Structures are given as structure tokens and as C-alpha cells.
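Worksheet for the structure shown next.
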Ligand SMILES: *Cc1c(COP(=O)(O)O)cnc(C)c1O
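In C-alpha cells:
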């Protein structure tokens with residue numbers, strides 16, 4: 001192969017085409033990637049807190065101050081700049097005192113895969129843009145559906161996340177319901193989901209053109225699992241009102257409480273009421289590979305569709321998610337044809353095209369990350385990691401339950417803890433404000449990050465454990481800090497509250 005023509009530009013300013021990865025630039029690619037990796041590795045190695053407590057204003061000013069029309073002409077300078085505008089103040093999920101949302105530390109094999117998949121840049125819409133990529137994705141869908149026990153006709157597709165998976169599941173359910181009940185039924189279709197279900201269920205219903213009150217919340221018990229008797233009453237109510245139930249969404253791992261709806265009992269109601277059962281296992285899917293807790297998902301095998309977020313409990317980088325369906329034929333509701341892309345003649349020749357099953361067209365080969373993770377680590381290792389955080393959450397629950405400074409809402413089946421600080425002598429208003437304050441003060445200090453939520457109208461705090469490196473001491477330390485912030489706040493407010501009371 002002849003060498004590339006010389007670059008006529010001044011030294012240090014490569015010709016634009018030298019920035020594109022090809023046979024001439026493979027060496028430059030290797031060096032640039034190594035530089036980037038070295039920098040991230042150094043940053044990760046010296047991260048001593050999960051966040052810096054930076055507020056939006058100073059960072060916004062720095063980012064706004066960068067002139068995007070004047071490039072730096074070098075990766076080193078651009079990475080240096082990136083330290084200032086991103087890496088220095090990023091929120092680091094691998095840090096053991098990051099305890100907020102469903103973000104996990106990521107598996108190194110998946111990061112290698114990420115580098116591979118973006119460099120090759122396959123697009124998983126058609127065979128002619130992916131070849132082996134399409135087959136690898138199909139194997140992983142089959143493997144995951146097998147773990148869930150969805151039977152011989154199962155299929156599915158990787159998606160951008162649980163939100164998209166839930167949207168597609170409900171799209172399929174809507175189309176199945178329309179096939180049965182006709183177009184006129186659209187405004188009457190109902191979706192039943194527990195009051196602890198993910199908000200993407202409501203959002204999907206809106207996107208799908210369902211009525212504003214289409215999602216009927218079903219009561220949960222004190223354990224925050226869907227109450228099957230309440231579900232039965234809701235189903236009967238819909239039947240009496242002539243409202244076809246197009247789907248029941250059961251959650252296997254609610255985002256706030258980690259509660260798993262009674263899947264088998266819910267599935268048992270299907271024979272009489274004839275709904276599609278969608279199981280949202282965005283969070284709980286890690287149990288599919290748990291060496292000790294797979295039984296918590298018992299009943300998932302009855303689902304018509306299942307959402308799994310590998311980027312939550314499989315330690316995969318964002319994005320990595322899938323929708324699985326029991327009967328692959330229902331995916332036809334996501335199929336359309338374009339002459340240039342996926343003409344019917346391809347399907348007739350059995351050329352595998354994933355675009356026929358997906359809401360997306362051009363689509364990342366995210367499946368490769370799970371593939372390399374399974375090939376390097378194996379499923380049991382992933383399950384052990386998830387088990388470790390579930391075990392840790394049980395220890396933290398005991399800690400909170402035995403400590404009068406806190407009140408904990410429920411014992412999670414997975415790895416969340418919803419609780420609040422109870423500052424001594426504080427009334428309702430001050431307690432709520434003290435909890436909101438404690439969360440913000442903790443984040444501002446950078447010493448830890450927890451989330452917040454509302455239970456029964458009262459402000460609560462939430463810990464989600466997904467990092468097996470988080471020790472009980474880490475959590476105990478963060479809890480002490482939170483209690484301290486809440487106490488101090490309540491003490492400062494007490495004179496004011498008393499003054500208010502006197503004035504009132
Ligand atoms: C996180 C979550 C979702 C949404 O998934 P994304 O990947 O964030 O889009 C849906 N359902 C549940 C139960 C979740 O926890």
C-alpha cells in the first residue's frame with residue numbers, strides 16, 4: 001500500500017482526513033486512545049470523593065467560554081481542557097460513597113468492548129451494516145430470554161434503556177389490543193401498574209396516544225409490592241366500565257424501593273382477564289444471574305415481555321438494555337419497510353435484519369459489551385457482584401432500623417434504602433426541610449451522594465447500592481454526615497420555628 005500523500009499544512013496541524021480512522025492512521029488511533037485511557041485511569045486512580053460539589057453556574061461559565069470555532073489542533077490540549085470542563089468535577093459512580101441512583105461501576109471487559117464497537121462502528125439495523133454483530137446480538141437476546149424462561153419462540157432487541165424498552169413493550173401491547181378491539185378502542189385502553197412503577201410507563205402511555213388517565217395505579221402493600229387483590233379489583237373495575245386492559249406492568253425491582261411485584265400471582269390473573277403481562281425488570285434483571293436469589297424472579301417466565309437494563313445490575317456502561325418478548329411474532333408491530341434498507345425480499349431470503357424489530361434505525365452495537373463481559377467474567381461473576389450489593393443493603397437496613405436518628409420505610413428485596421433523618425424535637429415542616437437540606441449539604445461537601453424521594457408526601461432520602469466496593473463503614477459514615485447536617489439544620493431552625501409559633 002502506498003504511503004499517504006504528505007501533509008501540506010504547518011507542523012502540528014494535521015490535514016482533516018488524518019483525523020479519520022483508516023489503514024494510514026491506525027498508529028495515530030492507537031496513540032490517541034492510549035492517551036485518553038491513561039488520563040482517565042489516572043483520574044479514576046486519584047478520585048477521593050464521588051463529586052466535587054460543583055454548582056452549575058461556574059461550570060456553565062467555563063463551558064460557555066470555550067470557542068468551538070477555534071480548535072486546539074491537538075488531542076493532548078483538548079484532553080487538558082476536558083479536565084477543566086468535565087473530568088475534574090464529574091460525578092464518579094465507581095466511588096464507594098456514591099450512593100444515589102441506579103448507576104453502577106462498570107466492568108472492564110465492557111469498556112474494552114466499547115472501544116471496539118465504536119471503532120468498528122457497526123450499525124445493528126441491517127445485516128449488511130453489521131454481519132456478526134447482528135448474530136451476536138441475537139445470541140445474547142436468546143441467552144437472556146432463556147435465563148428468564150420465556151420459551152422457544154422468544155425474541156427481542158437491544159434498546160437505549162429501560163424507558164425505550166417499556167415504550168416498545170407498551171407499543172406492542174397497544175397494537176395487540178387494537179388488533180382485538182379495533183381502532184375505536186384506543187381512548188378506552190388501560191394499563192395497570194403499581195403506584196411504585198417507573199414513570200416511563202405513564203410517559204409511554206402519553207406518547208402512544210392513550211387517554212390521559214390510561215395508566216391506572218394499583219395499590220401496593222407496606223412492602224411496596226403490588227397488592228394482587230387490589231389488582232383484581234382494578235381489573236374487575238375496568239371490565240365493568242368496558243375499558244379493555246391492554247397490559248399489566250409488573251415491576252421486578254421498583255426504582256425507589258427495590259420491591260418485586262408478586263409475578264406469579266399477577267400472571268395467574270391473566271387467564272381470567274386476558275391482559276398482556278409486561279415485567280419491568282430494568283433494575284431486578286441482575287437476579288437472572290444471581291447464584292443465590294434467582295427465585296425472587298419466580299413467575300417472570302409467564303411474562304409476555306420483559307425489560308432488562310444491563311446498564312444497571314449487570315455492571316455495563318450506558319447504554320445497554322433490551323426488550324424481550326415471549327412471542328417473537330409480536331415484534332412485527334415495530335416493522336416497516338424501506339426499499340433502500342430492508343425490502344421484503346431480504347426477509348424472504350432469511351437475511352437477519354434487526355431493524356425489523358427495533359424502534360431505532362442506526363443503532364449501536366451495545367450488545368458487544370455484554371458479550372465480552374460474559375466471555376471474560378461469566379454470568380456467575382456478575383451475579384455474585386449483584387448479590388454482594390443486595391447483602392450489603394440488608395446490613396444497612398439493620399443499621400438504620402436500629403438507629404433512633406433515622407426511620408427506614410421498608411426492607412428492600414434488592415439494594416435500595418428509603419429513609420429519613422429524625423432530628424430531635426423537630427416537627428413535620430422542619431423534619432422535611434432538614435432532610436432536603438441534609439442531602440444538598442452532603443453533595444455540596446463532596447463527601448457522598450444520596451438521592452431523595454417523597455413517601456406519603458414527606459421528604460425522604462434514598463440510598464441505592466450498586467457498588468460492591470461500598471463497605472458498611474462507607475455507608476455508616478455517610479449516614480453520620482446526613483444526621484449531622486439534619487440536626488444542625490433543625491437546631492438553627494428551632495428558634496425561628498418557635499418565633500413563628502408564638503407569632504401565630
Ligand atoms: C431505571 C428504570 C427504568 C428506566 O430505564 P432507563 O435505562 O433509565 O431508561 C425503567 N424502569 C425501572 C424499574 C427502572 O428502575
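Numbering (UniProt numbering), first residue to last: 1 to 504.
C-beta atoms are modelled at their ideal positions from N, C-alpha and C, and glycine is treated no differently.
Computed from a prediction, not measured in an experiment: that's the story for all the values here.
Going by beta-carbon coordinates alone, are residue i and residue j separated by less than 8 Å?
{"i": "residue 100", "j": "residue 464", "result": "yes"}
{"i": "residue 161", "j": "residue 415", "result": "no"}
{"i": "residue 367", "j": "residue 136", "result": "yes"}
{"i": "residue 81", "j": "residue 72", "result": "yes"}
{"i": "residue 460", "j": "residue 418", "result": "yes"}
{"i": "residue 506", "j": "residue 281", "result": "Here the chain covers residues 1 to 504 and nothing more, so residue 506 does not appear."}
{"i": "residue 197", "j": "residue 251", "result": "yes"}
{"i": "residue 109", "j": "residue 373", "result": "yes"}
{"i": "residue 248", "j": "residue 266", "result": "yes"}
{"i": "residue 163", "j": "residue 195", "result": "no"}
{"i": "residue 53", "j": "residue 443", "result": "yes"}
{"i": "residue 21", "j": "residue 156", "result": "no"}
{"i": "residue 446", "j": "residue 49", "result": "yes"}
{"i": "residue 421", "j": "residue 434", "result": "yes"}
{"i": "residue 87", "j": "residue 43", "result": "yes"}
{"i": "residue 190", "j": "residue 216", "result": "yes"}
{"i": "residue 352", "j": "residue 127", "result": "yes"}
{"i": "residue 386", "j": "residue 321", "result": "no"}
{"i": "residue 243", "j": "residue 269", "result": "no"}
{"i": "residue 438", "j": "residue 486", "result": "yes"}
{"i": "residue 76", "j": "residue 27", "result": "no"}
{"i": "residue 304", "j": "residue 153", "result": "no"}
{"i": "residue 92", "j": "residue 55", "result": "no"}
{"i": "residue 66", "j": "residue 37", "result": "no"}
{"i": "residue 293", "j": "residue 390", "result": "yes"}
{"i": "residue 51", "j": "residue 449", "result": "yes"}
Kindly examine ligand 3 and report whether one of its heavy atoms sits closer than 7 Å to the Cβ of residue i.
{"i": "residue 280", "result": "What this structure holds is ligand 1, not ligand 3."}
Looking at C-alpha atoms only, which residue of the options is the closest neighbour of residue i?
{"i": "residue 192", "options": "20, 210 and 433", "result": "210"}
{"i": "residue 275", "options": "261, 238, 294 and 295", "result": "238"}
{"i": "residue 479", "options": "496, 403 and 491", "result": "403"}
{"i": "residue 384", "options": "337, 108, 468 and 189", "result": "468"}
{"i": "residue 297", "options": "291, 304, 287 and 303", "result": "287"}
{"i": "residue 145", "options": "325, 213 and 456", "result": "325"}
{"i": "residue 151", "options": "488, 141 and 374", "result": "141"}
{"i": "residue 388", "options": "213, 462 and 313", "result": "313"}
{"i": "residue 350", "options": "98, 229, 74 and 134", "result": "134"}
{"i": "residue 376", "options": "475, 96 and 112", "result": "112"}
{"i": "residue 159", "options": "153, 124 and 37", "result": "124"}
{"i": "residue 574", "options": "476, 452, 269 and 290", "result": "As displayed, the chain neither begins before 1 nor continues past 504, which places residue 574 out of reach and without an answer."}
{"i": "residue 472", "options": "270, 97 and 348", "result": "97"}
{"i": "residue 119", "options": "19, 370, 405 and 301", "result": "19"}
{"i": "residue 319", "options": "363, 329 and 342", "result": "363"}
{"i": "residue 260", "options": "93, 243 and 295", "result": "295"}
{"i": "residue 491", "options": "454, 453 and 427", "result": "427"}
{"i": "residue 341", "options": "227, 129, 26 and 15", "result": "129"}
{"i": "residue 524", "options": "423, 449 and 448", "result": "Because the chain here runs from 1 to 504, residue 524 falls outside it and cannot be looked at."}
{"i": "residue 115", "options": "365, 399 and 395", "result": "365"}
{"i": "residue 315", "options": "183, 401, 94 and 122", "result": "94"}
{"i": "residue 256", "options": "462, 47, 17 and 494", "result": "462"}
{"i": "residue 466", "options": "79, 393 and 494", "result": "393"}
{"i": "residue 458", "options": "436, 16, 481 and 448", "result": "436"}
{"i": "residue 400", "options": "154, 482 and 264", "result": "482"}
{"i": "residue 495", "options": "448, 453 and 425", "result": "425"}
{"i": "residue 117", "options": "391, 327 and 317", "result": "317"}
{"i": "residue 302", "options": "149, 371 and 391", "result": "149"}
{"i": "residue 262", "options": "441, 218 and 202", "result": "218"}
{"i": "residue 70", "options": "13, 121, 181 and 29", "result": "13"}
{"i": "residue 183", "options": "212, 208 and 74", "result": "208"}
{"i": "residue 226", "options": "474, 25 and 264", "result": "264"}
Should residue i be flagged as near chain C, meaning a C-beta pair shorter than 8 Å?
{"i": "residue 348", "result": "Note that chain C does not occur in the displayed structure, where there is just one protein chain."}
Is the stretch 61 to 75 close to the stretch 101 to 109, with three or more CB pairs under 8 Å?
no
Are the stretch 405 to 417 and the stretch 346 to 359 touching by the rule of at least three beta carbon pairs closer than 8 Å?
no
Does the contact criterion of 3 or more C-beta pairs under 8 Å hold for the stretch 305 to 312 versus the stretch 267 to 282?
yes
Per the contact definition of three or more C-beta pairs closer than 8 Å, is the stretch 327 to 335 in contact with the stretch 162 to 177?
yes
Quick check: the stretch 223 to 239 against the stretch 175 to 182, are at least 3 beta-carbon pairs closer than 8 Å?
no
In chain order, what are the residue ranges of uninterrupted alpha helix (DSSP H) at least 4 long that sit wholly in the stretch 264 to 306?
270 to 273
In chain order, which alpha helix (DSSP H) runs of at least 4 residues are fully inside the stretch 108 to 173?
108 to 120 and 132 to 148
Unbroken stretches of the alpha helix (DSSP H), 4 residues or longer, contained in the stretch 26 to 73
26 to 45 and 56 to 64
Jot down the residue ranges of each uninterrupted alpha helix (DSSP H) in the stretch 225 to 270, minimum 4 residues, whole runs only, in chain order.
228 to 240 and 263 to 268
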